[in-house]
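Protein chains in written order, with our numbering: chain A, 16 to 124; chain B, 167 to 280.
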């Protein structure tokens, strides 16, 4: 079955810097790749997603890139703010979502 | 918050108790899901329902019993649980199944089994 790895597990950046989180997946048939943000005491919230027919997608300070050949995709957050501090999860999907283990991002003021 | 609500938000139960978790979605979706989120582990899919019919049971122990009376409501009945079942239980919904639809999550129920 599908396996998703995510790195790094923790990431600390200074406010205003960029943050990059990388995920790799094992099944080349995966065709949908969402990213979720989970704040303390809340459920995961979708922040951006990308489908297999697209290489890059951007939404204001957030972007996702997909390399199907290498089977990896990355989340890029620019101009980080303290409210970006949270746990971020990637997922790869064929029939069901398979989630990565998460990255705890801390944005230091 | 999304249009997915879960009650209760917190639950403490003994191993011999019977309790139920409730999920309701106000998004008009046809698919609903239960996930388990344990510390330091990825989200684990437990059950999938599409148009009230169970389409996926991810080898979940029988002490967890789901019920989906309609496309808007999903329950998880709990009985004879073990301490290792303590976790955050998340409900999600999506327009359809098949893995290409965005899933929207509720806030979760934090379950502690004593």
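Virtual Cβ for every residue (Gly too), placed ideally from N, Cα, C.
Going by DSSP, residue 223/B is part of the beta strand (DSSP E) stretching over 219–223. Among the bridge pairs identified by DSSP, residue 92/A is matched with 34/A, 77/A. From the beta-carbon of residue 42/A, no residue of chain B is found nearer than 8 Å; the closest lies around 11 Å away. Interface residue (Cβ-Cβ distance to chain A less than 8 Å): residue 222/B is classified as such. The residues 33, 34, 76, 77, 99, in chain order, have a CB closer than 7 Å to that of residue 92/A in the same chain once the five nearest residues on each side in sequence are set aside. Within chain A, not a single residue places a beta-carbon under 9 Å from that of residue 178/B; the smallest gap is close to 17 Å. Taking residue 53/A as the centre and dropping the five residues before and after it, the same chain places the C-beta of 59, 60, 101, 102, 103, 104, 117 closer than 8 Å to its C-beta, in chain order.
The C-beta of residue 108/A comes closer than 8 Å to at least one C-beta of chain B. Chain order gives no chain B residues near residue 23/A, where near means a beta carbon separation below 9 Å; the closest approach is about 14 Å. For residue 230/B, the closest of 202/B, 270/B, 267/B by C-alpha to C-alpha distance is 202/B. For residue 109/A, no beta strand (DSSP E) segment is defined, and its DSSP state is neither H nor E. If you draw a straight line from the Cα of residue 43/A to the Cα of residue 268/B, it is about 20 Å long.
At a cut-off of 8 Å between beta-carbon atoms, residue 61/A makes contact with chain B.
Boundaries of the beta strand (DSSP E) harbouring residue 52/A: 47–53, taken from the DSSP string. Boundaries for residue 18/A: no beta strand (DSSP E) harbours it, and the DSSP string shows neither H nor E there. Look at residue 64/A here: in three-state DSSP terms it is strand. For the segment 178–196 of chain B, the beta-carbon criterion of a distance under 9 Å to any beta-carbon of chain A is satisfied by none of its residues. For residue 211/B, at least one C-beta of chain A is nearer than 8 Å to its own C-beta. For the segment 62–78 of chain A, the set of positions with a beta-carbon nearer than 9 Å to some beta-carbon of chain B reads 64, 66 in chain order. With respect to the 8 Å criterion, residue 218/B and residue 204/B are not classified as neighbours on the basis of their beta carbons.
Assigned with DSSP and collapsed to three states, residue 232/B falls in strand.
The C-alpha of residue 274/B lies about 31 Å from the C-alpha of residue 71/A. With distances taken between CA atoms, residue 82/A lies nearest to 40/A out of 22/A, 55/A, 30/A, 40/A. In this structure, residue 280/B keeps its C-beta atom at 8 Å or more from the C-beta atom of residue 257/B.
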